[in-house]
Amino acid sequence: MDLSYNVVASKCAEQLAAYQQCVLKNQDGDWSNICRKESNDLTVCADNSVPHLPLLKRECYTQIQTYSSCLGSASQDKLSDEQTQERCSGTLSELWNCCERVFAMADSQGKSS
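Quick note: the sequence shown uses the working numbering, first residue 84, plus one each step.
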């Protein structure tokens, strides 16, 4: 998963910076809606730049949705970053493990081709 982040950071630096700046500027507001354009731009770039990302999104859909829901409920409950981390660390770990499994599977299939 670190490799994916590094690829996105290098190939989509402009989109990532715009999204991060938008989120930081709008933390007190509804940044997920305010920054929707920047988020979509980053998603499109990442989908086109990171090998196996569509496969990962498909195979880890449940874990992605579970983690996203956890973050959403933590935000609604106005939890601190530390409380959010405590609440969602298990679901993040499950997502991480799924991503690692998908990348390992994709790499082994690529080597056997």
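Positions of the beta carbon are idealized from the N, C-alpha and C atoms, including for glycine.
(request) Specify, as a first and last residue, the run of the alpha helix (DSSP H) that Pro137 falls within. (result) Taking the first residue of the sequence shown as 1, we reach residue 137 at position 54. Leu136 to Glu142 is the extent of the alpha helix (DSSP H) around Pro137.
(message) Looking only at its chain, what residues have a beta carbon closer than 6 Å to the beta carbon of Ile117, apart from the 5 residues adjacent to it on each side?
(response) Within the sequence shown, numbered from 1, the residue matching residue 117 stands at position 34. Asn109, listed in sequence order.
(request) Check Leu99 in the structure and name its three-state DSSP category. (result) Locating residue 99 in the sequence shown gives position 16, counting from the first residue. In the structure shown, Leu99 sits in a helix (DSSP, three-state: H, G or I).
(request) For Gly112, name the three-state secondary structure that DSSP assigns. (result) Translated into positions along the sequence shown, residue 112 becomes position 29. DSSP places Gly112 in coil when its eight states are reduced to three.
(request) Confirm, please, whether the CB-CB distance from Thr149 to Thr174 is below 7 Å. (result) Counting from one through the sequence shown, the residue named residue 174 turns up at place 91. Counting from one through the sequence shown, the residue named residue 149 turns up at place 66. The answer is yes: Cβ separation under 7 Å.
(message) If you follow the alpha helix (DSSP H) that Ser132 is in, where does it begin and where does it stop?
(response) In the sequence shown, residue 132 corresponds to position 49, counting from 1. From DSSP, the alpha helix (DSSP H) with Ser132 extends over Arg119 to Ser132.
(request) May I have the straight-line CA-CA distance separating Gly112 from Glu169, to the nearest angstrom? (result) By 1-based counting over the sequence shown, the position of residue 112 is 29. By 1-based counting over the sequence shown, the position of residue 169 is 86. Their Cα atoms are separated by approximately 23 Å.
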